Amino acid sequence: MKLATWNVNSLKVRLPHLVDWLAQARPDIVCLQELKLEDPKFPRSELEAAGYQCAFHGQKTYNGVAILSRTPLLEVSTGIPGFQDEQKRVIAATAGELRVISVYCPNGQAVGSDKYEYKLRWFAALKSYLAAELARCPRLVVAGDFNVAPDDRDVHDPKAWEGQVHVSEPERAAWRALLAVGLQDSFRLFEQPEKIYSWWDYRMMGFRRNAGLRIDHVLVDAESARRCTASSVDKAPRKLERPSDHAPVVAEFS
DNA sequence: ATGGCTACGATCCGTAGA
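Counting in the numbering used here, the first sequence runs from 1 upward without gaps.
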């Protein structure tokens with residue numbers, strides 16, 4: 001079983017890349033972020049033709065999340081229960097025995113800004129939600145764009161980024177609090193090459209210089225961690241013309 | 001020198017992303 005997460009940065013623009021990638025990588029479940037389109041504009045028929053059922057929660061211009069699956073998606077829920085939020089950043093569904101949550105965590109803009117405070121509040125709410133979901137559904141995968149680089153290995157230039165948004169200590173503490181409810185970063189279950197990232201700035205030839213951050217993650221419960229056989233970043237779609245600034249992250253399970 | 005791309009929705013610039 002292969003599960004992926006990909007921040008597509010506009011599903012409208014990236015649909016051809018997504019359809020091609022689905023055909024090549026053949027994931028069973030895909031979590032998508034930054035759809036940037038309203039639900040009536042979701043390309044359901046194209047993705048069904050590619051072999052996927054779809055659950056989506058979109059809005060115009062910003063945010064928007066989805067889950068694609070080769071098997072039926074049941075018990076779809078959107079948002080974080082009890083957390084009022086205009087921004088469409090969370091969708092959950094059950095595929096077989098697995099509860100899957102696709103998340104697009106806030107960017108935070110700059111340390112100390114209103115958006116940064118919102119990001120920390122949002123992470124606290126997500127943590128409570130994940131604890132409750134884990135109690136209810138022991139097989140849980142949370143995949144998406146977390147907008148946090150967990151440690152300096154996940155940052156191309158830790159000195160330049162020191163204290164900045166995505167790596168600041170309060171954000172990393174919020175990340176560790178998510179793991180503390182009983183989840184693991186699937187990528188770090190395995191020995192990995194150095195300098196693996198999932199996002200590269202469009203500017204300054206970020207991708208060519210491998211000036212990136214690892215901010216897209218697949219979190220898994222203990223049993224899913226035991227069954228996880230691989231976790232990696234697929235850089236191929238980032239090399240195409242007019243790419244998303246993020247690459248897909250893939251985890252495989254026995 | 002604090003910029004630099006990209007997407008979007010508004011128009012021919014501002015907001016946001018990371």
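Each residue gets a CB set at the ideal place from its N, CA and C atoms; glycine is no exception.
Fair warning: this is a prediction, and the values are worked out from it, not measured in the lab.
Residue i versus residue j - alpha carbon distance
{"i": "residue 53", "j": "residue 68", "result": "6 angstroms"}
{"i": "residue 136", "j": "residue 226", "result": "19 angstroms"}
{"i": "residue 26", "j": "residue 181", "result": "31 angstroms"}
{"i": "residue 172", "j": "residue 20", "result": "34 angstroms"}
{"i": "residue 165", "j": "residue 158", "result": "12 angstroms"}
{"i": "residue 238", "j": "residue 201", "result": "11 angstroms"}
{"i": "residue 162", "j": "residue 72", "result": "43 angstroms"}
{"i": "residue 151", "j": "residue 206", "result": "20 angstroms"}
{"i": "residue 42", "j": "residue 95", "result": "20 angstroms"}
{"i": "residue 77", "j": "residue 195", "result": "36 angstroms"}
{"i": "residue 119", "j": "residue 143", "result": "17 angstroms"}
{"i": "residue 204", "j": "residue 178", "result": "33 angstroms"}
With 16 other Cβ atoms within 10 Å as the buried cut-off, status of residue i
{"i": "residue 210", "result": "exposed"}
{"i": "residue 61", "result": "exposed"}
{"i": "residue 108", "result": "buried"}
{"i": "residue 190", "result": "exposed"}
{"i": "residue 240", "result": "exposed"}
Residue from the options whose Cα sits closest to the Cα of residue i
{"i": "residue 174", "options": "137, 105 and 204", "result": "105"}
{"i": "residue 3", "options": "28, 111 and 154", "result": "28"}
{"i": "residue 40", "options": "49, 228, 133 and 64", "result": "64"}
{"i": "residue 5", "options": "113, 206, 156 and 248", "result": "248"}
{"i": "residue 11", "options": "113, 58 and 51", "result": "58"}
{"i": "residue 102", "options": "183, 241 and 218", "result": "218"}
{"i": "residue 149", "options": "23, 118, 185 and 115", "result": "185"}
{"i": "residue 92", "options": "113, 118, 134 and 153", "result": "134"}
{"i": "residue 183", "options": "113, 132 and 51", "result": "132"}
{"i": "residue 87", "options": "177, 154 and 37", "result": "37"}
{"i": "residue 100", "options": "236, 113 and 66", "result": "66"}
Residues near residue i in its chain [Cβ-Cβ closer than 7 angstroms; skip 5 each side]
{"i": "residue 80", "result": "90, 125, 126 and 129"}
{"i": "residue 85", "result": "79"}
{"i": "residue 98", "result": "139 and 141"}
{"i": "residue 234", "result": "25, 247, 248 and 250"}
{"i": "residue 169", "result": "none"}
{"i": "residue 70", "result": "28, 51 and 52"}
Cβ separation of residue i and residue j, assumed to be a contact under 8 angstroms, to the nearest whole Å
{"i": "residue 74", "j": "residue 56", "result": "Residue 74 to residue 56, Cβ: 15 angstroms. No contact."}
{"i": "residue 198", "j": "residue 188", "result": "Rounded, the Cβ-Cβ distance is 13 angstroms, inconsistent with contact."}
{"i": "residue 141", "j": "residue 224", "result": "6 angstroms"}
{"i": "residue 216", "j": "residue 145", "result": "5 angstroms"}
Sequence-distant residues of the same chain with beta carbon closer than 8 angstroms to residue i, five excluded per side
{"i": "residue 8", "result": "14, 17, 18, 32, 33, 34, 35, 244 and 246"}
Cutoff 6 angstroms; reference residue i; Cβ partners in own chain excluding five residues on either side
{"i": "residue 115", "result": "108 and 109"}
{"i": "residue 230", "result": "252"}
{"i": "residue 156", "result": "211 and 212"}
{"i": "residue 122", "result": "106"}
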